[in-house]
Amino acid sequence: MVTGENDCRVPTAQSYLLKRALHILGIPSKLIVFPGEGHLIKNNPWHEKIKTFTVLTAFNCPLSDLGVLHIVNALQQNKTLITLALNDNEIGDLGAQYLANILEQNTTLSSLDLSSNEIGDDGIAHLANALKQNKTLTTLFLGCIMIGSQGVHDLADALKQNEGLNALNIYRNHINNQGAQYIANALQQNQTLISLDMSGIGVILAPTNGAGSGADQLSAPFGNFVDGNQTLYIADSGNQRVQMWAVGATSGVTVAGIASVAGSNLTLLNNPNAVIVDNNGYIYVADGNNDRIVKWTTNYTAGGICVVGCTGSTGVANNQFNGVRDLKFDMQGNLYVTDQQNYRIQKFMIQLPTSGCPTIQLLRQYQALRPARQRQVPRPARQHQVPRPARQHQVPRPARQRQLPRPVRQHQVLLPLQQHKQQSLVRVYFYIEQITPSGIYALKIPTCATWNQTGITVAGNANGTAGSDLGSLRGPVSIFVNNNNTLYVCDRSNNRIMKYCANTNTGIVVAGNLSAGNSSSQLKLPKGVAVDQYGAIIVADSSNYRIQRFPFGSTVATTIAKNSSSNLLGQIRDLHIDVNNNIYVTDSDYNQIVKYYPNTGIGVILAPTNGAGSGADQLSAPFGNFVDGNQTLYIADSGNQRVQMWAVGATSGVTIAGVAGVAGSNLTLLNNPNAVIVDNNGYIYVADGNNDRIVKWTTNYTAGGICVVGCTGSTGVANNQFNGVRDLKFDTQGNLYVTDQQNYRIQKFMIQLPTSGCPTISSEKIDELYRYLMLSYNKYVRPIENSSHRLTVKVGVKLIQIDDVNEIDQIMQTHVYVLHEWKDFSFVWSPDDFDGVEYIYMPNNLIWKPDLVLYNNADGDYQITSKAKAYIQYDGTNPPMIYKSYCSIDMQYYPYDTQNCTLKFGTWTYPDSLVNLQFLTDNHSSIIDRGWDLEDYTPSVEWEILNLKAIRHEKVYAYVKEEKEKYLDLTFTCTIQRKSLFYTINLIVPCINISVLTVLVFVLPSDSRKKITLSVSILVALLVFYLLLIELIPSTSLVISLLGKYLLFTLILVNLSIAITVITLNIHFRRHPTTDMPSGLRNTLLIYLPKLLFMKRPSLSTKYVHIREQLNSIHPHQFLLYKFKDEQRKHLVKIISNHIAYIVRQIENEKNEKEIVEEWRFIALILDRLFLIIFVSVTLIGTIESLFNTPSLYISTPPINPMCYLYYPPINDSQWIKICATDSLSNQ
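All residue numbers for the sequence shown refer to full-length UniProt numbering, where the first residue is 1 and numbers rise by one.
Printed below as a string of structure tokens:
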């Protein structure tokens, strides 16, 4: 098999283009006949290889007609070719002719893809002639080329005679109504075609005769509307009229206005811009230049009735317009108008008589109605269908506003084939049928639903055995269930996607095959699957690092995204798709969730924002992801044993299931969560992998989970057991599908509902309650019954994370929830009066809130902002906020320091007499030892928490007019201690090392002449550390930090060592006699200190001693004792004796000079030894005194246990009581 690349570039020279294309195909260029380059080499070894090709793929390469000719010539003797894909190239009519010649002769080719080329009607004519003779081609892709009227006519003629084609794709071509009719007529004779894709083809409805003012013409049309009968209404603005076109009509009928006559009376229009028709057939027109909305009844000749904007003038008043552009109605019948030149949208409330009248129900302009049943082919007899479940057991259909508009039904042509022995249907797609998968977020599960604990095996073998046949699975991972309850299974180890229709256990391979590969028809260990609105299968081809899209009915995929330098894509663990066809993938290699928009191959990272880890803004080995209707992202953060929720635009997540970093089997913990789904109630369903169960969390996240299925607590192959839960999905009835990975099967658990149904609360009652509560409510008035009463507001702080402590600016940045509670007397009602409604959520900007401020705010905004809805019954809460507060930093013991930082909250307006601030869990105490809640706390990497207190203060401010008026504040104190390991390794140890090097200066011999160099190098290193320290500590003169003191101490030692080194070097190289020194100093340096330091003065060299002894034994006068015979010899002897005497003196002088040098060198050595001992002692004492004088080293205060700091601790948890009982009692 030859597989081309998918990244070609267009060369300039044609011959080079061909060589490049053939190189991509794996064919040597010397096989091809280039102009002037000889002929085909028959004996070339590659010639034999070409004969055995089965799949030839060369898409998205610059292949032209000449390139196709050479490929066709090379493949003339091929007898095995099955698939030929040449899509997305530059092939024209001539290239199509070459390929048509192949089709006439080839007897093995079954699939040909020529989509996205430049083939016109002439090329289609050649291909059509070939199709009349070819009987082996079953699939032909001709999408997105240039088929016109003549081309579709030739193609239709070919379909009448063709006996082999099963699937024809001609999407996105220039086919008009007549061309569609050609195809429809041909299908009545064709007996083999079962799939025809004409999606993306626009059908011209009107006009039929171009521009003008005739009945079959239009001029500058604006708005259009289609009613339930598919009648088309057009605001024919240039002709000053509204035209009505019935289905199949070739001309329109004027139903409002008079052609080409503009005017202001109610029988005329002036530039009509929009039109809508209601269920009564009444026509509403946006009469643009008349600045009004006019209604025409079914009596068109009677003229219009002015609805709104009836002043007859242009203006900006609420009853005037300036350029009416559009109009729409809502479900209550209220009218919305685009007031274009006034730059606004106006809403006009509907008014009905008090006695009532027939309600006008508008046909929504985007709603498609089903055609009459008699036009469809009769359904099979109902007795062959599986009986529907009783209605009370069905899950309510998803709300329509959450689904995409369904396609118009009459755009599907259903034709019975009379020639068949057994009647069948051919479905012609003008728009591919849109599928809204139930696994997106349209699923709606009753709150009281439970599931049968005994599962039904719907895919794979019930006994837990693996296999590769159509009834078995090997390594199932991700699954998907569509609205028809069709199940798609990602069979990873078999490298395929399986499709299981409802009520069958035998699957169909719809993507991939048993062999792993990277071609467009292959997969390699896929791990995610979903189906979009157009029926295309989206696959996470994990080990090929790409996302593949298999169009409806095709086994050849296009690549949506793949790993590249501009789009890093690692191992994909899961894949999710929303109703807008946005794809969300879990990239476990890069620990992130990436969103891919339709038709784009570049991903947008949604989470996390700070890489891998266990922080609130981090993930570790994530698996499943899910996006709900509010675009909130949920992530199964498997490595951190939790489920994270990321709101739109958030920079960090919130843990809503499990405990970060803690794996366990009780219902508050998870063990490798692999998948997550959220239903319409906000309930979270988690595939708890290593616990082999499905767990449900309600909106009260702190209460823990509820086991749904797999609740035996053991692993097994029984119908109520799992062995490695990997994924879960729901169908439209609410039945639960679970991937039982190690048992190689998919289990289905039937939903169970009470026979009486779940208690339901109608939206009308909630709306009625809302109106009742807000009828006379004033959010600017303190919610108390008597103005003299105090309102009690309870406040608590839930710490999420200590983000940063900025020592330079003395600011602590924390990530916290601020919790409020108060009672509003206005919000009191009887639940019995409102169908049992006991609570309601309300936007917080509609109710009174205490004006709490953070007094020590360092961010410039003292006001506490709240974006969450208030829970009206008992409390109102705020979402997590990031606060920056001033914190006086004490740097005395840095980096072994302990800091006390506070968050001081209080009301800015209300004194104690009006608003009583109290702690959330204690109504009476002024000091609470455990004043913070750490339920969702993520430990800091730099700080440990030693204590968390809360103090209530009462203070009288001098500037307040009422002298005795007290103001309350709640101060939440956080005592934190720096984790010093980083600073010890990177600052303290290097400083100690510098001190040690300072001592080594006195060990280095003076003769080496490197003592000064070493000292200066140590000084430079120390100054570098000084510069580093200045960047870390605040600029304060109040105190010198511990590290600063030690560096200063070391600096003094280094400076002293340099000074002493200069002195010792000066002494070492002196030459004048030591007798110049005072005798006491000389004796001290040469006699006493050596003895004290256990040093011995070195003796004079034996060479000088020996020579001196010999010369001393020879005296010049001795020569005179001898009797010389003549005076000449006497004279010679005298000269010799003088010379010997000179030598003796010189040796004596040299000996004396050497003794002087040795004495000075000995003194320098003594001083080095003396200062070595002194510096070692001082360095040791100074280091111990400086660094070990911090209280945190010998006064050990253990950090707090976050699980003991809870506002609402567990009651029956014995482990918690055992660990935290003492602290809990102190906080009661």
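Think of the CB as a built atom: it goes at the ideal place given N, C-alpha and C, for glycine as much as any other residue. Since this is a predicted model, take the numbers as computed values, not measurements.
Nearest-angstrom Cα separation, counted from residue j out to residue i
| i | j | result |
| --- | --- | --- |
| proline 880 | tyrosine 967 | With a pLDDT of 45 at proline 880, under the threshold of 50, the predicted position of this residue should be treated as unreliable, though the coordinate-derived value follows. Each residue's alpha carbon lies about 26 Å from the other. |
| leucine 1167 | isoleucine 1173 | 10 Å |
| threonine 984 | aspartate 890 | 19 Å |
| asparagine 495 | isoleucine 800 | 43 Å |
| residue 1269 | threonine 668 | No answer is possible for residue 1269: it lies beyond the span of the chain, which begins at 1 and ends at 1228. |
| cysteine 490 | proline 526 | 7 Å |
| asparagine 342 | alanine 220 | 23 Å |
| glycine 639 | glycine 653 | 15 Å |
| glutamine 351 | tyrosine 683 | 40 Å |
| glycine 464 | arginine 693 | 17 Å |
| lysine 1045 | isoleucine 1052 | 11 Å |
| threonine 792 | leucine 917 | 6 Å |
| glutamine 810 | asparagine 900 | 12 Å |
| asparagine 720 | cysteine 711 | 8 Å |
| threonine 975 | phenylalanine 982 | 20 Å |
| glycine 309 | threonine 555 | 58 Å |
Helix, strand or coil at residue i [DSSP, three-state]
| i | result |
| --- | --- |
| proline 831 | helix |
| isoleucine 1058 | helix |
| arginine 1161 | helix |
| glycine 724 | coil |
| aspartate 803 | strand |
| serine 763 | helix |
| cysteine 448 | coil |
| tyrosine 967 | strand |
| asparagine 273 | strand |
| proline 850 | coil |
| tyrosine 886 | strand |
| asparagine 544 | helix |
| lysine 949 | strand |
Residue environment, residue i, which counts as buried when at least 16 other CB atoms sit within 10 Å
| i | result |
| --- | --- |
| proline 1209 | buried |
| residue 1269 | Absent from the structure is residue 1269, since the part of the chain shown begins at 1 and ends at 1228. |
| aspartate 469 | exposed |
| asparagine 625 | buried |
| lysine 79 | exposed |
| glycine 664 | exposed |
| methionine 331 | exposed |
| serine 87 | Correcting the residue type first, residue 87 is asparagine in the shown sequence and not serine. Label assigned to asparagine 87: buried. |
| glutamate 1150 | exposed |
| glycine 304 | buried |
| proline 850 | buried |
Chain-order list of residues whose beta-carbon lies under 6 Å from that of residue i (same chain, five-residue window excluded)
| i | result |
| --- | --- |
| alanine 262 | Gln240, Asn270 |
| glycine 95 | Asp65, Val68 |
| glutamate 433 | With a pLDDT of only 34 at glutamate 433, under 50, the local geometry of the prediction cannot be trusted, and the value read off the model is given with reservation. Same-chain partners within the cutoff: there are none. |
| serine 940 | Ile802 |
| glutamine 571 | Ser542, Ser588, Asp589 |
| alanine 256 | Val242, Ile283, Val285, Trp296 |
| threonine 314 | Asp291, Asn322 |
Check: residue i C-beta below 7 Å from any heavy atom of the ligand COA
| i | result |
| --- | --- |
| aspartate 637 | By its list of ligands, the structure shown contains no ligand whatsoever, and the ligand COA lies outside what it can speak to. |
Other residues of its chain near residue i: CB distance less than 7 Å, five sequence neighbours each side excluded
| i | result |
| --- | --- |
| tyrosine 957 | Tyr967 |
| isoleucine 994 | Ile1018, Ala1021, Leu1022, Thr1050 |
| lysine 597 | Reading off the sequence, residue 597 comes out as tyrosine, not lysine. Asn582, listed in sequence order. |
| aspartate 122 | Asp93 |
| lysine 1218 | none |
Integer Cβ distance of residue i from residue j, believed to fall under 8 Å
| i | j | result |
| --- | --- | --- |
| alanine 675 | alanine 650 | Rounded, the Cβ-Cβ distance is 22 Å, inconsistent with contact. |
Own chain residues within Cβ distance below 8 Å of residue i, not counting five before or after
| i | result |
| --- | --- |
| leucine 987 | Pro895, Phe1025, Leu1028, Leu1029, Leu1043 |
| leucine 137 | Leu103, Leu109, Ser110, Ser111, Leu112, Leu131, Gly164, Leu165 |
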